[in-house]
Amino acid sequence: MTQPNAPFTILIAALGGEGGGVLADWIVECAVRQGLPVQATSVPGVAQRTGATSYYIELLRQPAPGAQPVFALSPVPGNVDALVASELLEAARMVERGFVSARTTLVASTHRVYTTLEKMHMADGRHDPQRLAGAAQALAGRAVLFDMDVLTRRHGTVVSAVMFGALAGAGVFPWPREVCEAVIKDSGRGVQASLAGFGAAFDAAQGGAVDAEAAAALSAAELPEALRADWSARLKAWPEAVQRLAAHGALRCLDYQNRAYAQSFLERVDALVKACPHEAEAARDEAIRHLALWMCYEDVIRVADLKSRASRFQRVRREAEARTGEIVRITEHFKPGPDEVAAVLPRALGEALVRLAERRGWMGKAHFGLHIRTSSLWGFLMLRTLAWLRPLRPRSLRFAHEDEALRAWLAAMAHLAPRTPRLAASVAGLPQVIKGYGDTQVRGRQNYARLWATHVKPALVGEVDDTSAALALEQALRATLADPEGTLNKAHARTPAAQPVFWAPRRPAGDAATIPPAA
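Under my numbering, the final residue of the sequence shown carries the number 506; numbering is consecutive throughout.
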């Protein structure tokens, strides 16, 4: 039972760089203007992404002239009145620590900022958002959940302003909306954007809809104007789920290579749609998703392009919280080997380099470190020169290898989808074992070749029945995705062929004659 004169407690769970400290200052300033005794503390911590900080505020609901209340420095499980989290997993972390109870009004964003462990997983390592949201709604006295990231991007502000509006809209503050807006106006930076984000979140917390799905969706009607004439008719002929996947994939291929490459992607999608019956819709959608990712594999050209884009420099400045006029220096760390160099060379030249590297023992060993400062003119031009090699990519060794494997995979999907949807679904997910670059990419190709030779090829030629093949491939795929170091490849490596052993008598001292070995 909460005592009438007990402090009102607010806990803020935010990630690094999201303005949690600014939000805490705004709340404190509102309390001061209302004459309410207040205290705020912060506990920095190292969390899964860029570091998380918990901001804790205690205040009295009414002025207390002459009184000197004693406030706690940190929250106590079961004793938090209002909790706001900038991201869904941060809300779940607060639930796990016991700070969400029947007395708590929980205000949280439903969007995700993925943790390092989620990103490191070889397949889909994301936490289930429905379970996270369900736990929050089950344990909180009241839960206000919506996508704050959509409102943040829509109004060009930071999430702290949206969190402030959500708390005010949820009615947790003992002061009116006008006090919050006055504090924002007096804060001096980005006032209009902050007020717009605050207002949108205030309305959303009071029951207004935030159409995050519509903001993220892309269909034929939402394609850029220059592309509608070419793609829209084809996209509209497909099911809605395929339209979204195909539109995103085509735009990705366009950004990766050119319009002809995006058109090639759509032609392959069309072939998958025609080959997959209704029973194989899951396999079809999974195959389209992996097709887009596979066709846009990462090579040196792609990495150089992404690292030298203006949007990337703007993001780095934003994450570093650099002010206008401040200098930000960016140094890229590269460690290419002969295989990565050969990958972007013309096929014949790349194969010659690979053979030379294998003869000399360079493969996997001869790496050279490069530190390129992309914020300098020389470093920027180096990366842009690599990025300008994009028109030559279709002639490269890596492109030839990827395209050959991709064509065989598409042919297997067209063959298996009408016959055995379950096996086709497993084959559709097979490309996910090919990831990254360098040693990671080599292990991925070995994984793919092993699974193809052991499970897919026998099923295609009828050496095993479809049910057994599907079950075996599902199990092997799970085991492979749980084996980032590639130990399964070593276990399945061929045993070296037997070599004869020759024995020879010890050469007598001082005898320089050659003694023929005896078998």
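Every residue gets a Cβ at the ideal spot worked out from N, C-alpha and C, and that includes glycine. It should be emphasised that the depicted structure is a prediction, and the values quoted were computed from it without experimental measurement.
Asked	Found
Measuring straight from C-alpha to C-alpha, what distance separates Asp68 and Val159?	8 angstroms
So within the segment 265 to 304, which uninterrupted alpha helix (DSSP H) runs reach at least 4 residues, ignoring any that extend past its ends?	268 to 282 and 287 to 294
By DSSP's criteria, Gln26 is part of a beta bridge. Which residues make up the other side?	Glu45
The alpha helix (DSSP H) with Arg347 in it runs from where to where?	Arg334 to Arg347
Round the Cβ separation of Pro333 and Phe355 to the nearest angstrom and send it over; I've been treating them as touching at under 8 angstroms.	The pair is not a contact, with the Cβ atoms about 22 angstroms apart (cut-off 8 angstroms).
Buried or exposed, going by whether 16 or more other CB atoms sit within 10 Å of the CB of Ala54?	exposed
Assuming the contact rule is C-beta atoms closer than 8 angstroms, Ala415 and Glu266 should be a hit. Round their C-beta distance to whole Å, please.	At roughly 14 angstroms, the Cβ-Cβ gap does not stay under 8 angstroms, so Ala415 and Glu266 are not in contact.
Classify Glu389 as helix, strand or coil using the three-state DSSP reduction.	helix
Between Trp162 and Cys263, how many whole angstroms is the CB-CB distance? I'm expecting something under 8 angstroms.	Incorrect: roughly 58 angstroms between the Cβ atoms, too far for contact.
For Leu126, report the span of its alpha helix (DSSP H) as first-last.	Pro116 to Leu126
Would you decide whether Thr(-4) is buried or exposed? Buried here means 16 or more other CB atoms lie within 10 Å of its CB.	buried
Taking 8 angstroms as the cut-off, decide whether the C-beta atoms of Lys172 and Val166 are in contact.	no
Assuming contact is defined by CB atoms lying nearer than 8 angstroms, are Leu370 and Ser251 in contact in what I supplied?	no
Beta-carbon separation of Val149 and Ala188 under 8 angstroms?	yes
According to DSSP, what are the bridge partners of Ser455?	In DSSP, Ser455 forms no bridge with anything.
Starting from Ala247, follow the alpha helix (DSSP H) in both directions and report where the run begins and ends.	Arg246 to Ala262
Identify the continuous alpha helix (DSSP H) that holds Phe367 and give its terminal residues.	Leu364 to Ala374
Do you know offhand how far Ala411's Cα is from Ala404's?	5 angstroms
Would you report the Cα separation of Val146 and Asp136, rounded to the nearest angstrom?	7 angstroms
Can you give me the start and stop residues for the alpha helix (DSSP H) that Ala188 sits inside?	Val178 to Ala192
Suppose you measure from the CA of Leu460 to the CA of Arg99; what does that come to, to the nearest Å?	31 angstroms
Look at Arg406 and Asn476 and say whether their C-beta atoms are less than 8 angstroms apart.	no
Check Val429 in the structure and name its three-state DSSP category.	helix
Alpha carbon to alpha carbon, how far is Gln244 from Asp286? Give it in angstroms, no decimals.	12 angstroms
Considering only their Cβ atoms, is the gap separating Arg360 from Thr318 smaller than 8 angstroms?	yes
Can you tell me which of the three DSSP states Arg239 falls into?	helix
Taking a contact to mean a Cβ-Cβ separation below 8 angstroms, would you say Ala249 touches Ala234 in this structure?	no
Looking at the unbroken beta strand (DSSP E) that takes in Val131, where does it start and where does it end?	Arg129 to Phe133
In the DSSP assignment, the beta strand (DSSP E) including Val94 goes from what residue to what residue?	Thr92 to Ser96
Is the segment 89 to 96 close to the segment 123 to 136, with three or more CB pairs under 8 angstroms?	yes
Just reading off the alpha helix (DSSP H) that Phe151 is part of, what are its end residues?	Val146 to Gly156
Let me know the secondary structure DSSP gives Pro56 once reduced to three states.	coil
Contact check, Leu438 vs Ala469 under 8 angstroms by CB: the rounded distance?	Not a contact, Cβ separation roughly 14 angstroms.
Whole angstroms are fine: how far does the CA of Gly184 sit from the CA of Leu336?	55 angstroms
Quick check: is any heavy atom of the ligand ZN less than 7 angstroms from the C-beta of Gln26?	No copy of the ligand ZN occurs in the structure displayed, which carries no ligand at all.
Check whether the Cβ atoms of Ala153 and Ala180 sit closer than 8 angstroms, and answer yes or no.	no
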